[in-house]
Amino acid sequence: MTKAFGKLAAVEARLFLREPMAVFFAIVLPVGLLLALGTTIPAFREADPSLGGQRLVDAPFTAMMVLLSVVTLGLSVLPAGLVLYRERGVLRRLSTTPVRPGALLSAQLLINVVVSVVATTLTLVLGHLVLGVPTPGSPWAFAGVFVLGTLTVLAIGLLLAAVAPSSRVVQGVGAALMFPLLFLAGMWLPRPLMPEVLRRISDFTPTGAFGQGLMDTLGGHTPQPLHLAVLAGWALAAGLAAARLFRWE
Amino acid sequence: MAIITVDHLRKTYGTRVAVEDVSFSVKEGEVFGIVGRNGAGKTTTVECVAGLRTPTAGTVTVDADLKEQVGVQLQECSLPDKIRVGEALALYASFYSRPADWRALAEEAGLDLRAPFGKLSGGQRQRLSVALALVGSPRIAILDELTTGLDPRARRETWDLIARIRERGVTILLVTHFMEEVERLCDRVAVISRGRVRAVDTPEGLVARAGGEQRLVFHTDDPVDDLRALPEVASVTVADVGNGPEVTVTGTGELLSAVAAVLPPSRTRGLRMERTTLDDAFLVLTGKEES
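Taken in order, these protein sequences are the chains called A and B. For the first sequence, our numbering begins at 1 and goes up steadily by one. For the second sequence, our numbering begins at 250 and goes up steadily by one.
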C-alpha cells in the first residue's frame with residue numbers, strides 16, 4: 001500500500017509539473033514579483049518609518065509573496081484539481097481498486113505542501129541573495145507559522161472542494177475569495193498602514209493572521225498568540241467541515 | 250459453480266426505482282451480457298455487483314475479492330488529460346498484489362505508452378479503460394457500455410480485445426445495448442427492462458423464444474400453391490410489386506430445402522432468406538412494456 005501511495009504521489013507530482021499555469025502562479029509569480037518589484041522600484045528598498053524602520057521588501061513584502069503562493073495553491077490549484085477528479089470519476093474509479101480514494105487526496109495535499117515549501121524557500125533565498133532580505137529572524141517560529149498557516153489554507157481549499165458542485169464553480173469561488181483574503185492580509189495595503197478597524201477584522205481572518213505571523217517571525221519576533229489561535233480555529237473548523245461534507249462522486 | 254449470484258436485487262434512489270427485481274447468476278469463465286434500453290437498470294445492477302452501490306433489498310454474492318480480483322470499466326470515468334498511457338497503467342498495476350504485465354496489456358490493446366490521455370481517440374480511451382480493468386489480473390471483469398459512441402471500426406477492435414480476454418478464462422460481465430455485441434461475445438444474456446429480468450438465455454435461445462421464424466422472399470412466374478401443403482411452411486403470401494409477383498413464404502425448420510424440393514431455385518429470381526434476429530427477439534421481449 002505504501003508502494004501504491006508513493007507511485008500515486010509521484011504521478012500526481014508529474015501531473016502538477018505539466019500544468020504550466022499552476023507552476024506559474026504558485027512558484028514563478030510570487031518569486032518573480034518579489035525580485036521584479038524589489039529591483040525596479042527604489043521605494044521598496046528604502047527604510048520606512050511607518051513599517052518600524054524596515055524596508056517594504058523585507059518582512060512585509062516577502063511575507064505577502066509566501067502567502068500569495070500558499071493561497072494560490074490552497075484556494076485554486078488544490079480544490080480545482082480535486083473537483084475535476086470527482087467530476088471525471090477519477091475518485092470513483094479508484095474506489096474500485098485496492099487503493100482508497102483518500103490516498104489520492106493525501107497525495108494531493110502532500111504535493112501542495114511540497115510546492116509551497118519550494119516556492120517559500122526560493123522566495124527567501126533569492127530575496128536574500130538579490131535584495132538582501134534578512135533570513136527569518138526566528139527560523140523555527142517561522143517554520144511553525146508557515147506549516148500551521150499552510151494547513152489552514154489547504155483545509156479551506158478542501159472545504160471548497162467538498163461543497164462546490166462543479167469545477168467551474170470552484171474556480172470562480174476560489175478566485176472570488178482570494179482577492180478579499182489577500183487584501184485583508186495586507187497584499188495591497190500593509191497591515192501596519194491599515195485603519196484600526198480594518199486591522200482588527202484582518203486579525204480574525206485566516207490570511208490576516210497568517211500574514212502577520214509570517215511578518216512577525218521573519219522580523220525575529222514571536223508570533224502573537226491571537227494569530228496562532230485564529231489559524232488553529234480556522235484549520236479545525238474548515239478541516240472538520242470538509243471531512244463531513246466531502247463527496248467522492 | 251456460480252461466481253456471481255444476484256438474487257432479487259432491488260435498488261431505489263428516494264422514490265425512484267432503478268432496479269425493481271433482478272436475479273441471475275454467472276458461471277466462472279463465461280461472458281455474461283446484460284442488455285436493456287437506456288434507463289432499464291443495467292448500470293445500477295452492475296454497480297451493485299462491483300460493490301459501488303448498496304442494494305436496497307436482495308443480495309449480491311461475488312465469489313472473489315471485490316477490490317483485488319474484480320476489474321471494473323465504468324461509464325463516465327476518465328483520467329487526467331495529461332497522464333500518459335504508460336503512467337496510468339503502471340500506476341494502476343502498483344495498486345494490486347499480483348498485477349498483470351501492463352506493457353503486454355498496452356501492446357495487446359494497441360496503445361502507445363507515451364500518448365497523453367487527453368489526446369486519445371474514443372476507441373483508444375475505451376481500450377485503455379479495458380486494459381486498466383485487467384491490469385490487476387482479475388478473475389472477473391465488469392465492462393459497462395464498452396462500445397457506446399465508438400465508430401464501427403473502433404467497436405470491432407474493442408470486440409477483438411474482449412474475445413482475447415475471454416480466452417484467458419476471465420469471467421466477463423458485459424453491459425450493452427448492441428445486439429451485435431451480444432451475438433459476437435456473450436455466452437448467455439439477461440434481458441432487463443424497467444428494472445426486471447425478462448429472460449436469461451443464450452443468444453440463440455432468445456431468438457428461439459421470440460418465434461425463431463424464417464422467411465423466404467423471391468419472385469417467380471411458377472404457381473406457388475403447392476408450397477402451402479409443406480409441413481415446414483406456415484404461410485405463403487403473394488404480392489404484386491410491379492416487376493412480377495413477389496412471394497413471401499414463412500415457416501420453421503429446414504424451410505429452404507423443403508421449398509427448393511418443390512420449386513427449384515433456378516425458377517425463382519432474387520431469392521433471399523430472412524430470420525428472426527436478436528434485435529427482433531429483444532423487441533419482442535422488452536417492447537410490450539416500454540414502447
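Just so it is clear, CB atoms sit at the ideal spot from N, CA and C, and this is done for glycine as well.
A direct Cα-to-Cα measurement between Gln324 (chain B) and Glu249 (chain A) gives close to 13 Å.
With a beta-carbon spacing of about 5 Å, Leu383 (chain B) and Gly320 (chain B) fall inside the 8 Å limit used to define contacts. Residue environment: Thr62 (chain A) is assigned as buried (16 or more neighbouring CB atoms within 10 Å of its CB, all protein chains considered). At a cut-off of 8 Å between beta-carbon atoms, Thr96 (chain A) makes contact with chain B. Using a CB distance below 7 Å, the part of the region 78-89 of chain A facing chain B consists of Arg88, Gly89, ordered along the chain. Taken atom to atom, the span from the alpha-carbon of Ser202 (chain A) to that of Arg93 (chain A) is near 42 Å.
With a minimum length of 3 residues, the unbroken runs of beta strand (DSSP E) contained wholly in the region 357-434 of chain B fall at 389-393, 420-425. Beta-bridge partners of Ser442 (chain B) (DSSP): B:Arg445. Excluding sequence positions up to five before and after Arg347 (chain B), its CB lies within less than 7 Å of the CB of Ser386, all in the same chain and listed in chain order.
Of all residues in the region 300-334 of chain B, those with a C-beta nearer than 7 Å to a C-beta of chain A are Leu301, Lys316, Glu317, Val321, Leu323, Glu325, Cys326, Ser327, Leu328, Pro329, Lys331, Ile332, reading in chain order.
DSSP, read as helix, strand or coil, puts Gly290 (chain B) in coil. Between Thr294 (chain B) and Ser442 (chain B), the CB-CB gap reaches or exceeds 8 Å.
Leu110 (chain A) and Phe25 (chain A) have their alpha carbons spaced roughly 18 Å apart. With the rule of 3 Cβ pairs closer than 8 Å, the region 394-414 of chain B counts as touching the region 366-380 of chain B. The CB of Leu340 (chain B) comes closer than 7 Å to the CB of Lys7, Leu8, Val11 in chain A, given here in chain order. Straight-line measurement puts the Cα of Ala22 (chain A) at about 42 Å from the Cα of Lys260 (chain B).
Taking a C-beta distance under 8 Å as the contact criterion, Ser272 (chain B) and Val431 (chain B) do not qualify as a contact pair.
Ranked by Cα distance from Ile421 (chain B), the first of B:Asp475, B:Gln318, B:Ala289 is B:Gln318. Contact between the region 145-158 of chain A and the region 224-232 of chain A is present: 3 or more CB-CB pairs across the two stretches fall below 8 Å. Contact of Ala4 (chain A) with chain B by beta-carbon distance below 7 Å involves Ser343, Phe344.
Taking a Cβ-Cβ threshold of 7 Å, the residues of chain B close to Arg93 (chain A) are Leu323, Cys326, in chain order.
The secondary-structure analysis by DSSP pairs Gly500 (chain B) across a beta bridge with B:Gln463, B:Val482.
Not a single C-beta of chain A is nearer than 8 Å to the C-beta of Glu394 (chain B).
Within chain A, the residues placing a beta-carbon under 8 Å from that of Glu336 (chain B) are Val11, Arg14, ordered along the chain. Ranked by Cα distance from Leu56 (chain A), the options A:Leu91, A:Ala209, A:Phe246, A:Gly186 are led by A:Gly186. Bridge pairing for His468 (chain B): B:Glu495, B:Arg518 [DSSP]. Rounded to the nearest angstrom, the Cβ distance from Asp314 (chain B) to Ile252 (chain B) is 12 Å, too far for a contact under 8 Å. The DSSP-derived three-state label of Phe61 (chain A) is helix.
DSSP places Phe281 (chain B) in the uninterrupted beta strand (DSSP E) bounded by 280-284. Val71 (chain A) is positioned such that its CB atom lies closer than 8 Å to that of Val153 (chain A). Chain B has a Cβ within less than 8 Å of the Cβ of Arg18 (chain A). Taking C-beta separations shorter than 6 Å and ignoring five residues to either side along the sequence, the partners of Gly213 (chain A) in its chain run Val145, Pro223, His227, following chain order. In the displayed model, Gly213 (chain A) falls within a helix according to three-state DSSP. Bridge partners of Asp450 (chain B) according to DSSP: B:Val438. Considered as a whole, the region 133-180 of chain A harbours 139-163 as its complete alpha helix (DSSP H) runs of no fewer than 4 residues, in chain order.
Here Gly502 (chain B) is exposed, its C-beta having fewer than 16 other C-beta atoms within 10 Å.
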